[in-house]
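One structure is given here, and the rest of the page talks about it.
Chains as they are written, first to last, in my numbering: chain A, 1 to 195; chain B, 196 to 464.
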């Protein structure tokens, strides 16, 4: 277990060092004070979505915060579902760990070659698994699958939304330019009196 | 110097033209996404289209044909996502506020189709549609008729829009009809849409009467109870106490007296 943890931490540190989010050079320009060119009808939500970038660090954040990418893509319903599923899985893992500790058992035993164990789930005539093992496996599967779903589906959703916003304002800008170039001026004089 | 003046003038004209074009641009964009039959693009654009729709209505000096074209396209766009309530209100905006004969047939067809899909009975649809006969050249009058038509559509989803337009109406006219006052009050105290319409007296005027005076005893008790609940939940205790007292003044059954007692305890808490 310790070995696995060390390997995982090393991978984490390595990816942090080599990821594009670590600045190895001096920042010469402060992006936070430059005003972006925003179309006048763009909402704050759209602006936020368009400003989002998925980077390596987000991949790591998504490990810790369930539904992180979906929250970023403003898909709150899916994000909260993922959060609930992952939290339930963590609780399942914790419960099986502490219950096995209390019984003085191994956390995970895998397949057991026994016929008369009544507390286990019998798979075949000779083989059975502990109920807590089923919880462990189910929880692990849920944790990994929700992480992958969050990352892949979240990224797809974010990109789709960004594309829609870009398409919408891009086309409108083009239409505006086309229309303004089609307008013909005719000389006229006017006089208005206001009291 | 001349060069700077020329640049300034061209900048001024370009911004002016851009603002004039926004309606045309939005119409063209609505057409473009309708051709693609892309539901997601259509849904993504509703907020922008509604901004333009509001600016047309608030401005109301715009060319009727262009405005009509825009509202018809907007209705089509709502139809893409099966949002028939908003589709119907778009047609009503066109028919009541920017009526243009060119679009009459199409608009009528689309309005009836949307209403059928909203499960509104045919005689009711005809009644709503025929309200357009009350429209005149006076924009505030047309706005009022439009509000009446939208209220008669009786769709919960449209309530926010109706409130928005009724607030706008109050800025252009001092005539505040009894039925509009009633609808706003019933909507504020969160009476369900299904129950609102029978409570509104469209043909009555204020005539020094309270909003619930034309209602039956049973309906009055229901409205007073709802009003008390609404004001209590919003911490307007004095108003809640007033409505509770009004409720108590009615002829209450034993069960209703228990309810009133319960409400009183809740106010005190």
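For each residue, glycine too, the CB sits at the ideal point set by N, CA and C.
Against chain A, a Cβ distance below 8 Å from residue 240 (chain B) picks out 168. A check of alpha carbon separations from residue 283 (chain B) across B:293, B:368, B:312, B:425 identifies B:312 as the nearest. Among the residues facing chain A, residue 253 (chain B) is not included, as its CB has no counterpart in that chain under 8 Å away.
Contacts with chain A at 8 Å (Cβ-Cβ) include residue 223 (chain B). Judged by DSSP secondary structure, residue 120 (chain A) falls within the beta strand (DSSP E) whose first and last residues are 120 to 122. Under the three-state reduction of DSSP output, residue 219 (chain B) falls in the helix class. In terms of beta-carbon proximity, residue 301 (chain B) stays away from the interface with chain A, with every pair separated by 8 Å or more. By the Cβ neighbour-count rule, residue 94 (chain A) is exposed, with fewer than 16 other Cβ atoms within 10 Å of its own.
If you ignore the 5 residues before and after residue 345 (chain B), its C-beta comes within less than 7 Å of the C-beta of 284, 287, 353, 357, all in its own chain and listed in chain order. Residues 295, 297 of the same chain have their beta carbon placed closer than 7 Å to that of residue 260 (chain B), with the five preceding and five following residues left out of the count. Interface flag for residue 180 (chain A) against chain B is set, since a Cβ pair is found closer than 8 Å. With a beta-carbon spacing of about 14 Å, residue 106 (chain A) and residue 120 (chain A) fall beyond the 8 Å limit used to define contacts.
Scanning chain B for C-beta atoms nearer than 7 Å to the C-beta of residue 172 (chain A) yields 220, 224, reported in chain order.
Here residue 435 (chain B) has 423, 426, 427, 462 as same chain residues with Cβ atoms under 6 Å from its own Cβ, once five neighbours each way along the sequence are excluded. Flagged as an interface residue toward chain A: residue 236 (chain B), by a C-beta distance shorter than 8 Å. Burial of residue 320 (chain B) is indicated by the presence of at least 16 other C-beta atoms within 10 angstroms of its C-beta.
Around the beta carbon of residue 87 (chain A), a 10 Å sphere encloses fewer than 16 other beta carbons of the protein chains shown; the residue is thus reported as exposed.
Put simply, the CB of residue 75 (chain A) is far from chain B, with every gap to its CB atoms at 8 Å or more. Of the candidates A:61, A:122, A:144, A:161, A:161 places its Cα closest to the Cα of residue 50 (chain A). For secondary structure counted as the alpha helix (DSSP H) over 4 or more consecutive residues, the segment 331 to 387 of chain B holds these complete runs in sequence order: 334 to 348, 354 to 367, 373 to 383. Under the Cβ criterion (8 Å, minimum of three pairs), the segment 300 to 312 of chain B does not count as touching the segment 332 to 340 of chain B. Separation of the CB atoms of residue 363 (chain B) and residue 327 (chain B) is rounded to 19 Å, and the pair is thereby denied contact status at 8 Å.
With its beta carbon at least 8 Å from every one in chain A, residue 269 (chain B) lies outside the interface. Among the residues of chain A, those whose CB is under 9 Å from the CB of residue 216 (chain B) are 175, 176, 179, 180, 183, following chain order.
Ranked by Cα distance from residue 369 (chain B), the first of B:349, B:336, B:386 is B:336.
In the three-state reduction of the DSSP assignment, residue 65 (chain A) falls in the coil class. DSSP, read as helix, strand or coil, puts residue 141 (chain A) in helix.
Interface criterion met: the Cβ of residue 246 (chain B) is under 8 Å from a Cβ in chain A. Remark: three or more beta-carbon pairs, one from each stretch, lie closer than 8 Å, so the segment 264 to 276 of chain B and the segment 218 to 234 of chain B are flagged as touching.
Note on residue 98 (chain A): under 16 other CB atoms within 10 angstroms of its CB, so exposed under the neighbour-count rule. Judged by pairs of C-beta atoms under 8 Å, the segment 64 to 79 of chain A does not touch the segment 123 to 142 of chain A, as fewer than three such pairs exist.
In this structure the segment 144 to 155 of chain A lies against the segment 68 to 77 of chain A, because at least three pairs of beta carbons, one per stretch, are closer than 8 Å. Out of A:108, A:169, A:170, A:101, the CA that lies nearest to the CA of residue 136 (chain A) is found in A:108.
Here the alpha carbons of residue 270 (chain B) and residue 303 (chain B) stand approximately 12 Å from one another. With respect to residue 452 (chain B), residue 416 (chain B) sits apart: the two C-beta atoms are not nearer than 8 Å.
Straight through space, the alpha carbons of residue 361 (chain B) and residue 407 (chain B) are spaced by roughly 20 Å.
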